[in-house]
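Okay, structure first, notes after.
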Ligand code: ADP
C-alpha cells in the first residue's frame, strides 16, 4: 500500500516536540515491514535548508490554486533508508526563524501557512506521481487536507480510492482561525457551521481531521478515553464521543536505533545494562555542564520539556523547596512560556547548588540529561503519550510521572517487595503528591541493590515501534478496503 504521511515537523529535519520524533520514525517502521511504500510530506523550513542536505529538486513552480489565487511551490526530496521525505518549498511561508511562531506568540498567518501546506502536499503527490491508497495526517497543521479531499477534490479521479487516517497528538492545539480562512483556502462557506468546522465563532482545523478522516487515532489508549470526557476534551469531547466507533488509541514507540545509550554519539560516554560505568561518567559531565557540585552520591533528577502549563511546570515551581529537602538535585532543559522561564531563573538564584537550568532547545544536552540523570520527572497535567519517559527508561533513568494519558500506560509503580515495575507515579496534580513520589524514588535510590534492579527493569522495557507500526498497518488495510468498496 502507498501511504502519504503529512506532518508539520519531522526529525531530524525539523523539530519542536514529540510529533517530529513520531514522523521521523513511524514511516521507517511501516516501510520496514515490506508492506507499505511511504512518503512523508512536510514544509521546507529555514532550519531544513540550513542542514545543507543533498536534496533532489523534484519539481519547480508546481501550480496550486487556493481560494481563487494562483500559487506555486517547489518540491524537494530526500531519500533516507526506505522512506522518501518530500519538502514543500514556499519561502514566503516557511523560510522563517521558527516553525510556528516567535516566543511572543504564533505567526498570525498560520491558518494560511498550514492550509497551504495541506493543499500543496496533495498537489505534490500528483507532481511526484505518487497516488496514495491512504493519506495519514497529523495534528491541526495537516488537518485541512481532509477538508480538501472531502470537498475541493471530491471528484478528482486521482484521489477517488484514497482512504484517510488522522492522528491527534495533542487535542489542546486545534488551529483556530477567523471565518475568512475558509474563503482564503477555497473551502465552502457552508463549512462555517457547528456540524462542520465552526467552533465558538472560529474555524477549527482539527475538526476537519476528526470529521472527515475515515478513522481517527490518538497516541495512547488512556488518552483516547480521556479526550472523550469534558475534563480532557478541550470542547471537542462530544464530537469525539460521536466518532468513538472509529477512534483508536495506538501507543507511540521508540526508534531504538536513534535512542540507545550503547551507541548514542551525543552522550558523554556510552553504556549498556551490563556495564553502567558510562552512566556515571555522563552524570559527572551533566553536573559540570549545569555548574553543579561534582557529587556522585546525590540523585540527579532531570527534566527535558516544553515550558508549558500542560507539562506541570507550575507544580514543580511550587514544589521546589520540598524537592530539595529530599536531598536531590534538579536539572531542567526547556523552552516556552516566559512566566515559567522567569520563575525558574529566579529559583536558580535561590538554589545555586541544587537547581541547574538551561533555557534552550538543544538535542545534545537533552540526551546528556537522559544519560546522566538518575531520575526523570514528568508531572504533566495531561500527556497524550509522552516520549521522554520512554527515552529515559532506555537510558536507565527512572521516570517519576503523573498517572495520566500515555504516562500511566507506560510506567508501572516499582514494588520494593517483588522488585517489579519501572518507575514511580502520583495521581494528584499537587506539589505534595510530586514530592511524595520523588521521596519514594529517593528512598529506593539509597538502597543500591534495589536501585540497580530497578534500573535494569527500566532498560529492559521494550517500546519499540514494531508493534504499533503493525497496528497502524492493520488499520490502514481496513480503511483502504472500505475506501475501494465505497467508490
Ligand atoms: P511534546 O511533544 O508534548 O513536547 P513529547 O514527550 O511527546 O512531548 O516529546 C518531546 C520531544 O521533544 C522529545 O524528543 C524531547 O527530548 C524533545 N525536547 C523537548 N524539549 C526539548 C529541549 N528544550 N531541547 C531538546 N529537546 C527537547
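Residue numbers (this note's numbering): 35 to 521.
For each residue, glycine too, the CB sits at the ideal point set by N, CA and C.
### Message
Cutting at 6 Å between CB atoms, please list the residues of its own chain near residue 378, excluding the five before and the five after it.
### Response
391
### Length at least 3, wholly inside the region 217-268: the beta strand (DSSP E) runs in chain order
236-238 and 249-252
### Query
In terms of DSSP beta bridges, what is residue 447 paired with?
457
### Query
According to the neighbour-count rule (16 or more other Cβ atoms, all chains shown, within 10 Å of its Cβ), is residue 276 buried or exposed?
exposed
### Task
Ignore the nearest five residues each way along the sequence and tell me which others in residue 128's own chain have a CB closer than 6 Å to its CB.
77, 78 and 79
### Query
Does the ligand ADP have even one heavy atom less than 7 Å from the beta-carbon of residue 55?
yes
### Query
In terms of residues, what are the limits of the alpha helix (DSSP H) holding residue 127?
125-128
### Query
Which one of 516, 152, 94 and 115 has the shortest CA to CA distance from residue 523?
The structure shown has nothing for residue 523, since the chain only spans 35 to 521.
### Query
Is the distance from the Cβ of residue 205 to the Cβ of residue 270 below 8 Å?
yes
### Query
Is residue 394 near the ligand ADP, with its Cβ less than 7 Å from a heavy atom?
yes
### Assigned secondary structure, residue 279 (DSSP; H/G/I helix, E/B strand, else coil)
helix
### Query
Excluding sequence positions up to five away, which residues of its chain have a Cβ less than 6 Å from the Cβ of residue 266?
260 and 416
### Query
Under three-state DSSP, which class holds residue 348?
helix
### Message
Can you determine whether any heavy atom of the ligand ADP sits closer than 7 Å to the C-beta of residue 179, and answer yes or no?
### Response
no
### Nearest to residue 101 (by Cα), restricted to the options 137, 212 and 146
146
#### Entry: Top-ranked residue by Cα proximity to residue 105, from 111, 96, 113 and 253
96
### Task
Could you check if residue 190 is buried or exposed, using at least 16 other CB atoms within 10 Å of its CB as the buried criterion?
exposed
### Message
the ligand ADP and residue 43: does the residue's C-beta get closer than 7 Å to at least one heavy atom of that ligand?
### Response
no
#### Entry: Through-space distance from residue 46 to residue 84, alpha-carbon basis
12 Å
### Message
Looking at the ligand ADP, does it come within less than 7 Å of residue 405, judged from the CB to the closest heavy atom?
### Response
no
### Task
Just the C-alpha distance for residue 81 and residue 48, rounded to the nearest angstrom, thanks.
6 Å
### Query
Cβ of residue 397 versus every heavy atom of the ligand ADP: is any distance shorter than 7 Å?
yes
### Query
How about residue 422: is its Cβ closer than 7 Å to a heavy atom in the ligand ADP?
yes
### Task
Compute the beta-carbon to beta-carbon distance between residue 39 and residue 61, rounded to the nearest angstrom, for a pair I have assumed lies under 8 Å.
5 Å
### Task
Would you mind listing the beta strand (DSSP E) stretches within the region 283-349 that are 3+ residues and don't spill past its ends, in chain order?
334-341
### Task
Ignore the nearest five residues each way along the sequence and tell me which others in residue 52's own chain have a CB closer than 6 Å to its CB.
421
### Message
Whole angstroms are fine: how far does the CA of residue 234 sit from the CA of residue 139?
### Response
21 Å
### Query
So what's residue 187 in DSSP terms, helix, strand or just coil?
coil
### Task
Decide if residue 408 is buried, meaning its Cβ has at least 16 other Cβ atoms within 10 Å, or exposed.
buried
### Query
Are the region 366-382 and the region 338-352 in contact at 8 Å, needing three or more beta carbon pairs?
yes
### Query
Which value, in whole angstroms, describes the spacing of the CA atoms of residue 328 and residue 213?
57 Å
### Message
I'd like to confirm something about residue 438: is its beta-carbon nearer than 7 Å to some heavy atom of the ligand ADP, or not?
### Response
no
### Query
Which residues bound the alpha helix (DSSP H) around residue 153?
144-161
### Task
Using a threshold of 8 Å, state whether the C-beta atoms of residue 283 and residue 469 are closer than that.
no
### Query
How do the region 443-452 and the region 290-304 stand: do at least 3 beta-carbon pairs fall below 8 Å, yes or no?
no
### Query
In the region 367-403, which residue ranges form an unbroken beta strand (DSSP E) of at least 3 residues, counting only runs that do not cross its ends?
389-393
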